[in-house]
Structures are given as C-alpha cells and as structure tokens.
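Below is one structure, written out as structure tokens; the observations come after it.
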Amino acid sequence: MTIREKGYYNWEGQLSRSPFPWLPIFFNGIKMVFKQKYSKMLFGLALSPFFIFLGAIYVSTRPELRMFTRMVKMLQDEALFFKEFATNGFTFFMLIILILSFGAELISGDIRFKSFPLYFSRPLDRKDYLFGKFSIIMFYFLLFTLVPGILLYIFKFIFTGKLSIQPFTILGIIFVPLLCTFYIAAITLLLSSFSSNSKYVKIMMFLIYFISDAIANILFQIFKTDYFHILSMKSLIQQVGSFLFNTNPQYDYPAWLSLAVIALTSLGACTLLYKRIGKLEAQIESGN
Amino acid sequence: MEKIIELKNINFSYAKSAKTIDNVSLNIGQGVFGLLGPNGAGKTTLMKILLGFLTPGSGTGMVLGYDITTNRKMVRERIGYMPESDCLMPGMDAVALTAYLGQLSGMPKQEAMKRAHEVLFYVGLEESRYRKVEEYSTGMKQRLKLAQALVHDPKLLFLDEPTSGMDPNGRKEMLELIRDIASKESMNIIISSHLLPDIEYTCRHVIIMNKGQIIHEQDVGIVGLDQFNRFEIKFQGDTQAFIDRLKSMNWTVDIDERGLCTVLLPKDQSPRHLFHYALESNAQIRHFRQSKTTLEDTFVSAIGALNDN
Numbered sequence: 003m004t005i006r007e008k009g010y011y012n013w014e015g016q017l018s019r020s021p022f023p024w025l026p027i028f029f030n031g032i033k034m035v036f037k038q039k040y041s042k043m044l045f046g047l048a049l050s051p052f053f054i055f056l057g058a059i060y061v062s063t064r065p066e067l068r069m070f071t072r073m074v075k076m077l078q079d080e081a082l083f084f085k086e087f088a089t090n091g092f093t094f095f096m097l098i099i100l101i102l103s104f105g106a107e108l109i110s111g112d113i114r115f116k117s118f119p120l121y122f123s124r125p126l127d128r129k130d131y132l133f134g135k136f137s138i139i140m141f142y143f144l145l146f147t148l149v150p151g152i153l154l155y156i157f158k159f160i161f162t163g164k165l166s167i168q169p170f171t172i173l174g175i176i177f178v179p180l181l182c183t184f185y186i187a188a189i190t191l192l193l194s195s196f197s198s199n200s201k202y203v204k205i206m207m208f209l210i211y212f213i214s215d216a217i218a219n220i221l222f223q224i225f226k227t228d229y230f231h232i233l234s235m236k237s238l239i240q241q242v243g244s245f246l247f248n249t250n251p252q253y254d255y256p257a258w259l260s261l262a263v264i265a266l267t268s269l270g271a272c273t274l275l276y277k278r279i280g281k282l283e284a285q286i287e288s289g290n
Numbered sequence: 075m076e077k078i079i080e081l082k083n084i085n086f087s088y089a090k091s092a093k094t095i096d097n098v099s100l101n102i103g104q105g106v107f108g109l110l111g112p113n114g115a116g117k118t119t120l121m122k123i124l125l126g127f128l129t130p131g132s133g134t135g136m137v138l139g140y141d142i143t144t145n146r147k148m149v150r151e152r153i154g155y156m157p158e159s160d161c162l163m164p165g166m167d168a169v170a171l172t173a174y175l176g177q178l179s180g181m182p183k184q185e186a187m188k189r190a191h192e193v194l195f196y197v198g199l200e201e202s203r204y205r206k207v208e209e210y211s212t213g214m215k216q217r218l219k220l221a222q223a224l225v226h227d228p229k230l231l232f233l234d235e236p237t238s239g240m241d242p243n244g245r246k247e248m249l250e251l252i253r254d255i256a257s258k259e260s261m262n263i264i265i266s267s268h269l270l271p272d273i274e275y276t277c278r279h280v281i282i283m284n285k286g287q288i289i290h291e292q293d294v295g296i297v298g299l300d301q302f303n304r305f306e307i308k309f310q311g312d313t314q315a316f317i318d319r320l321k322s323m324n325w326t327v328d329i330d331e332r333g334l335c336t337v338l339l340p341k342d343q344s345p346r347h348l349f350h351y352a353l354e355s356n357a358q359i360r361h362f363r364q365s366k367t368t369l370e371d372t373f374v375s376a377i378g379a380l381n382d383n
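Line by line, the protein sequences are chains A and B.
Residue numbers for the first sequence follow the numbering used here, so the first one is 3 and each next one is one higher.
Residue numbers for the second sequence follow the numbering used here, so the first one is 75 and each next one is one higher.
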C-alpha cells in the first residue's frame, strides 16, 4: 500500500526550540553558495594572498634571505605585515567580487521569489532571519580574512621557533576582519533588500564599493585633503587597520574617525535593514 | 470544545486607508473552517494577523492559546501556512526545500529529511521530488506548498486559495487531500477561498467576510455536501407528521420562517421517497425544487444584505 493510499499520518517526533533558530539558514546558505558556478575558482583566488604572505613570512624568518627582508619594509615590522595582510587591496577586491556573486541575491532573491511567507510562517522573527543572512556573508569573509590571518600567525611561530605575542597584532588580526566583514555585510544586505532585481543590487554595490574610491581620489586631487578618503570604503578599511594594528595611519586624518564612520554606517545600515525586513514581512502578499 | 482561535474586537488598517479589518470578533473551535468572501473582503489580512505578520491596531487575539502579538514564535511553531502566491526558493529541489523548512520549524535534520520524502509522496510529487522547484508547473507548486505546510505536522493549517491555478483534475486531488487531512481530526484547518464549491466540499463551518467584517457564520453541516442532494419543498396538510417521518429516516430537515422546508437526501436515495412519505403523512407537496448549493444562497444573501445596509 502506497503512502498516498494510507492517507495522511502524523509525525511522531518532537519539535525542538533551538537558541539559534537561524542556524538552518546559515547551513543552507553555505551549501547554496558553495554549489554556485565559479565559486571554487573565486575561493581559490581569494585565498591566494594567504600563500603569498605565507611565503613572505618564511622569507622574513630565514637569516640567509635577510637581503629580501631589508628590501621590503613590512617584513621588518610584524604589526605592519599583518595590517597589510588584513587590508590588502586584492583581498578587498576579491571580497567585493564574492559579494557581487552571492551577496546580492541573499535578500533580493527572497523578495523576487516571494520566499518571505515560507520563512515567517516558521518560528523565526526578523532578527533570526537577518542573523541567518549575516552569518552566510560573515562565514565566507572570515574564511578568507580572519582564518588565514590566524594561520599566518601560527606559521610565524613555527618558522621562527619562538613564541612572542604582540597584543596589538592579535587585536588587529581578530578585530579588523570582524569589523570590516560586518561593515560590508550590513551594507550588502541593506542594498540587497531594496530591490527584487539582483542586477540592480549588483550595480548599486559596484557603485558604492568602486566608485566611492574613485570619487574620494578625485576630491583628494582637487582639494588636497585626506579627509575625502572617508568617502572610500577601501580607504576606511585601510585606515581602521592602521588604528587597530597601532601602525602609522595610511591617511592624514584621525584614525579613530574611520572606526567611528564604519561603526555608525554599520549600525545605521542594520537599523534600516531591520525596518525594511519588517515592511517586507508585512507585505508578504498583496491584496486580500 | 477547545477554542483554536479567539479574536476580540480586532481592528486593522493599512496606513492612511480605510479599516481593512473592522472590529472582528471570532471564535473558532476544532475542525475545518472556510473563510469566504469577495476580493478585498479582508480574508488575507485576517490570515496575516493570525499568523503574526501584521499587528492589529486594537483588539486581542489568541491562536492555539497563544497571544498573536506577544507570542508569535509559539504560534508559528504550531501552524502550517500554505500561501496563495507562488513562493519558492530557487536552486533547491523539493526534498531539500521541504526538509529545510522542516528544520526551520524545529525538526531535527534527519527527521526533517525523512518526513519531507513522506509528505512529498503524500501530495503526489514522488516522481518529481528531485527536480528544481523553479521548473515546477503551477499545480506542482501548489502541491509543494501544501507539503511544506504539512512537514512539521502542525496543529493548525492555514490554506490560502489552495486550488488557485490548478486544472480540474489537480483541483479535485487537492480537495481530496484536504479532506483526507481533515478526516484524521488531529489537525484543524482554515481555508480561505472565494470558490464556494471548494469550501462546500471540504469545510464543516463557514465564515463569510465582506468589507473587513464577519457578516455570517454558519455550519455547512456535513463534510462533503456532494454526497447529498438538497431539495426545497413547500407543503400543506399534516406538516409535523411529514417532518417527523423524514427525520425518522435520519435525513437533515430544516424549515425557515417562510415555511420553506429544506431536505438533504443521500445521493443513493430517490426523491420519489419524499412524495411517498408525503402521501403517507397526508401532506400535499405544493413546491418541489432541487437546490444547487446551500452556501451559494447564503453567500449571496449575506453579501447582498450588507450592501443594502
């Protein structure tokens, strides 16, 4: 007798209340991103700075290769080395490419395919939904920034054979990727919640990430003041890296200002996003 | 009877518009309830309020004993919702989608996967359960939406236009599924529809809405009015004896204030019996007409009465 002939029957298990109800969104998101076309190639490219910096660490610890250490300034200063790794332009560029390939779809896709009723008829609230979406971006970004940073630090101990810890470096290795990831994730998700068409979202992201840098440079060239670099996401991240790694600031304006701008922008984006999801939840279906 | 839904003086209006839900008070017990009304009556808005998607402007409401404004998660854990719109998650097959939504409801991963297969078999998607959901036809999407609403075996099931966009065969199968679920009596169902035959076929009770108000509540009586023929009769003579004779056959008999008698006759019984019993009881049948549906009359008169006012 087939199941259909037997008719409907009840499930005898027990539903559990997880303290992290967003975890299925996280795991599903990780899987879906990994299954995307070209994702492995992009991951490989995003990890390439790690191997270059790993080689650099090896070079800096070998006495016979001291000539290279003398030529490259960052090899002489541990904090500067890790700051360069955490804020290097190529990693930032790859993060943006990753954002364009999967971040744009995260909420925009749910709007386009009207997935909200499926989420919000479950024991989830706006906060859980957003935690789930944030966690997907955070996972992949931290995988290419925080994890390689920690691994590089471990490799440094292995290559030198000495255990010496600089608190500012540790602080920088952990908090620069966390802060930058949260900042980029908040802006990405906010933009993603504005349109059901992911192409528009990608264009908006492209304009914000790349054009902001171009505008900041143009204004800097005209007015010759570094304060315009506040407009550039890339410059903000580099400046906050200098602040947290306690190295010389990249630009001639107070480094704490970049931290304040990033924190305020992230919080503002999160607040707007929370309200936006509330509206989308209420507009789950149009008409009566 | 245990109250499944209890609403008191619920009001709701979208920004700057007239009241969409106007002072609705409602008690719904166990069983299958139909929410009927023309487009714009407020059915979907009322469902959204019950699901906690919208917060009422005033009034209180409980679903399965939990407050709809302060205990939304508890409510959502115990309900299943089949939305009207074509909602899906692209890039996933039906099994993955149903299991994923089961997990979001709080099911363990393995259990959710096992149950996803079961409910997809149950709704008739066994052959296509590994196909990407974006490749599904409208009918298949409707079945998938029912499967995802059933996966965690909710106590209360909300079905919003469950047969929308389905071909006649698919529609019949969907209604059969709903009746089968209802027959187990472990799940309470609320069906919102503007299709009277669907409501009549599946529901025990009907609530008619118009202009944001509940304008009529009625027991449809027996699930599956299609198993009966309904006749309207007017007669003279020994009225009481005739009615008693009909009731002795366990047939449903109802007389309105105008003296119009309505009899529900099982389909396997011939209407000739009515004439035979009338003769036996010394009653003369003066008017005899087979009525198409009870609900249609009720619906038209309820909507009409409100419009007249």
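We put the CB at the ideal spot given by N, CA and C, even for glycine.
Just so we're clear, the structure is a prediction, and the values are computed from it rather than from any experiment.
Would you kindly work out how many angstroms separate the C-alpha atoms of residue i and residue j, rounded to a whole number?
{"i": "Q216/B", "j": "S159/B", "result": "9 angstroms"}
{"i": "R245/B", "j": "I102/B", "result": "26 angstroms"}
{"i": "L181/A", "j": "F146/A", "result": "14 angstroms"}
{"i": "A168/B", "j": "R332/B", "result": "55 angstroms"}
{"i": "G286/B", "j": "A284/A", "result": "17 angstroms"}
{"i": "S234/A", "j": "G111/B", "result": "55 angstroms"}
{"i": "M34/A", "j": "Y142/A", "result": "12 angstroms"}
{"i": "I119/B", "j": "A221/B", "result": "Correcting the residue type first, residue 119/B is Thr in the shown sequence and not Ile. Taking the straight line from one Cα to the other gives about 23 angstroms."}
{"i": "Q310/B", "j": "H268/B", "result": "38 angstroms"}
{"i": "A48/A", "j": "A115/B", "result": "54 angstroms"}
{"i": "L282/A", "j": "K129/A", "result": "13 angstroms"}
{"i": "F115/A", "j": "M156/B", "result": "15 angstroms"}
{"i": "G9/A", "j": "Q16/A", "result": "21 angstroms"}
{"i": "L173/A", "j": "S244/A", "result": "12 angstroms"}
{"i": "I32/A", "j": "I113/A", "result": "19 angstroms"}
{"i": "R68/A", "j": "F104/A", "result": "43 angstroms"}
{"i": "L82/A", "j": "F247/A", "result": "7 angstroms"}
{"i": "E107/A", "j": "S200/A", "result": "6 angstroms"}
{"i": "R72/A", "j": "F53/A", "result": "21 angstroms"}
{"i": "S2/A", "j": "L100/A", "result": "In the structure displayed, chain A extends from 3 to 290; residue 2/A sits before or after that span and is not available."}
{"i": "M166/B", "j": "A173/B", "result": "11 angstroms"}
{"i": "S266/B", "j": "N243/B", "result": "20 angstroms"}
Pull up the DSSP beta-bridge partners for residue i, would you.
{"i": "I359/B", "result": "F309/B"}
{"i": "Q177/B", "result": "Looking at the DSSP assignment, Q177/B forms no beta bridge with any residue, so it has no partner."}
{"i": "M136/B", "result": "E80/B, D141/B"}
{"i": "Q291/A", "result": "It is not possible to answer for residue 291/A, since the shown part of chain A is limited to 3 through 290."}
{"i": "D228/A", "result": "DSSP lists no partner for D228/A."}
{"i": "M283/B", "result": "I288/B"}
{"i": "L109/B", "result": "S266/B, I281/B"}
{"i": "L339/B", "result": "N303/B"}
Relative to the C-alpha of residue i, which candidate in the options has its C-alpha closest?
{"i": "V106/B", "options": "T276/B, S344/B, Y351/B", "result": "T276/B"}
{"i": "C161/B", "options": "I263/B, M148/B, L175/B", "result": "L175/B"}
{"i": "S257/B", "options": "R278/B, G108/B, L269/B", "result": "R278/B"}
{"i": "M283/B", "options": "Q358/B, G108/B, A89/B", "result": "G108/B"}
{"i": "D293/B", "options": "R304/B, F305/B, E274/B", "result": "E274/B"}
{"i": "E151/B", "options": "D227/B, I317/B, S202/B", "result": "D227/B"}
{"i": "R205/B", "options": "L320/B, T129/B, A170/B, T144/B", "result": "A170/B"}
{"i": "F28/A", "options": "I138/A, L126/A, G111/A, L261/A", "result": "I138/A"}
{"i": "M121/B", "options": "I252/B, I263/B, A190/B, E192/B", "result": "I263/B"}
{"i": "A250/B", "options": "L339/B, C335/B, A223/B, G198/B", "result": "One point to set straight first is that residue 250/B is Glu, not Ala, in the sequence displayed. Taking only the C-alpha atoms, the option nearest E250/B is G198/B."}
Does at least one heavy atom of the ligand ATP sit under 7 angstroms from the Cβ of residue i?
{"i": "C277/B", "result": "Only the bare structure without any ligand can be found here, which leaves the ligand ATP out of the picture."}
Is the shortest distance between the beta-carbon of residue i and the beta-carbons of chain C less than 8 angstroms?
{"i": "A284/A", "result": "No chain C is present in this structure, whose protein chains are A and B."}
Exercise for review: Select from the region 134 to 147 of chain A all residues with a C-beta closer than 7 angstroms to any C-beta belonging to chain B, and list them in chain order.
Suggested key: none
Exercise for review: Could you tell me whether the region 73 to 92 of chain A touches the region 11 to 24 of chain A, using the rule of 3 or more Cβ pairs below 8 angstroms?
Suggested key: no
**Study point:** Three CB pairs or more closer than 8 angstroms across the region 57 to 71 of chain A and the region 157 to 169 of chain A
**Key:** yes
Practice item. Kindly confirm or deny that the region 115 to 134 of chain B and the region 78 to 91 of chain B touch, where touching means at least three C-beta pairs closer than 8 angstroms. Key: yes
Exercise for review: Check each residue of the region 116 to 130 of chain B: if its Cβ is closer than 7 angstroms to any Cβ of chain A, include it; give the result in chain order.
Suggested key: G116, K117, T118, T119, K122, L125, F127, L128
Check your understanding: Taking Cβ-Cβ distances below 9 angstroms as the criterion, which residues of the region 7 to 20 of chain A are in contact with chain B?
Key -> K8, G9, Y10, Y11, N12, W13, E14, G15, Q16, L17, S18, R19, S20
Point to revise | Touching by the beta-carbon criterion (3+ pairs, under 8 angstroms), the region 177 to 197 of chain A and the region 236 to 253 of chain A | key: yes
Review point. Which of the residues in the region 206 to 226 of chain B, read from start to end, lie with their CB under 7 angstroms from any CB of chain A?
Key: Q222, H226
Point to revise | At least three beta-carbon pairs within less than 8 angstroms, the region 229 to 240 of chain B to the region 178 to 198 of chain B | key: no
Review point. Using a beta-carbon distance cut-off of less than 7 angstroms, what residues from the region 159 to 177 of chain B approach chain A?
Key: S159, D160, C161, L162, M163, P164, G165, Y174, L175, Q177
Practice item. Give a yes or no on contact between the region 316 to 323 of chain B and the region 353 to 367 of chain B, applying the rule of three or more CB pairs nearer than 8 angstroms. Key: yes
Check your understanding: For the region 71 to 102 of chain A, which residues have a beta carbon sitting closer than 9 angstroms to at least one beta carbon of chain B?
Key -> none
Exercise for review: Would you check if the region 244 to 253 of chain A and the region 84 to 99 of chain A touch, i.e. whether three or more CB-CB distances between them fall below 8 angstroms?
Suggested key: yes
**Study point:** Near-chain A residues of the region 248 to 266 of chain B - C-beta to any C-beta below 7 angstroms
**Key:** D254, I255, K258, S260
Review point. Would you call the region 117 to 131 of chain A and the region 139 to 154 of chain B in contact, with 3 or more CB pairs under 8 angstroms?
Key: yes
Review point. Which of the residues in the region 163 to 180 of chain A, read from start to end, lie with their CB under 7 angstroms from any CB of chain B?
Key: none
Check your understanding: Which residues, in order along the region 20 to 42 of chain A, keep a beta-carbon less than 8 angstroms from a beta-carbon of chain B?
Key -> S20, P23, P26, I27, N30, M34, K37
Practice item. Identify each residue in the region 115 to 134 of chain A for which the Cβ-Cβ distance to at least one residue of chain B is less than 8 angstroms, and report them in chain order. Key: F115, K116, S117, F118, P119, L120, Y121, F122, S123, R124, P125, L126, D127
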